[in-house]
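Numbering (our numbering), first residue to last: 137 to 356.
No residue lacks a Cβ here, since even glycine has one placed at the ideal position from N, Cα and C.
Every value quoted in this text rests on a predicted model; they were computed, and no experiment measured them.
Reading through the structure tokens given below for one structure.
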Amino acid sequence: MYQHIDQEGFVLPYATGKVVCVGRSYRDHAEELNNPVPEAPLLFIKPATSLVPLDEPLVLPAGQGPVHHEVEVALLVGRRLCKATPAEALSGVAGVGLALDLTLRAVQDELKGKGHPWERAKAFDGSCPMGPFVAPELLSPLSQLDFSLTVNGAPRQAGNTRLMMWPMGELLAEISRSFTLMPGDIVLTGTPRGVGELQGGDELVLTLDNKFVVAAKVAK
């Protein structure tokens, strides 16, 4: 069962809520998939049932085509945010971590081609493996966080939040205008280029701010 934990493994005092995701917040990722670059943040939601701990074997859906990894900086919301200003939104961040937005790519392409929502490709059970959260004050400013993913020792994705098309505070404020964010909700802030397919037995290493490292493995 998923619970919010800190980097020392202690359970944090927040209920598990929804996951609000930002699509195409990095221009290079939109371009690598030949997607239009949006003029405003592209938002979708994963339910709480999508969350699984990164330290448990990742179980990929069978028979639904390739499952792609998308590494993202995740923000844990610590207080209610509704129509917040950027400053208010940033002050409501209780933790920062790394997550994978697992995507059924062929399913997503089919849904996009039909003009349908993405949930079947993005919000399935186990589609959001989540690592521990670190207090924001222990990291570099949210506007300049390095993060990366290696698969079987080979670099796959690397990014820095300064390359996001919307500053972190503005992004959170914009989300809070559409969806009230509650304590325990998580915001996934988008992925850089380099997404690719996962295979059974793959070993993953996720790094945040060159300080915090999370290891994961795909079940065979």
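Looking at the DSSP output, I322 bridges to V155, L212. If you look at P222, you'll find it in the alpha helix (DSSP H) that goes 222 to 227.
Take S263, set aside five residues on each side of it, and the residues of its chain with a beta-carbon closer than 8 Å to its own are K182, S186, D237, L238, T239, in chain order.
For S284, the secondary structure class from DSSP, reduced to helix, strand or coil, is strand.
By alpha-carbon distance to L212, the top candidate from M301, H140, A352 is H140.
Three or more Cβ pairs closer than 8 Å define a contact, and the stretch 283 to 291 meets that threshold against the stretch 335 to 344. The closest CA to that of P303, considering only Y150, P149, A176, is found on A176. Nearest Cα to N296 within the set V270, L226, V207: V207.
Note on M137: under 16 other CB atoms within 10 angstroms of its CB, so exposed under the neighbour-count rule. When the alpha-carbon of H204 is set against those of K154, G153, P265, the nearest one is in P265. Of the other Cβ atoms in all chains shown, 16 or more fall within 10 Å of the Cβ of C157; this residue is therefore buried. Under the DSSP assignment, K353 falls outside any alpha helix (DSSP H), being part of the beta strand (DSSP E) whose first and last residues are 348 to 353. When the beta-carbon positions are compared, D261 and N346 stay at least 7 Å from each other.
CA-CA distance, L275 to F348, rounds to 9 Å. In the structure shown, E206 adopts coil according to DSSP, grouped into three states.
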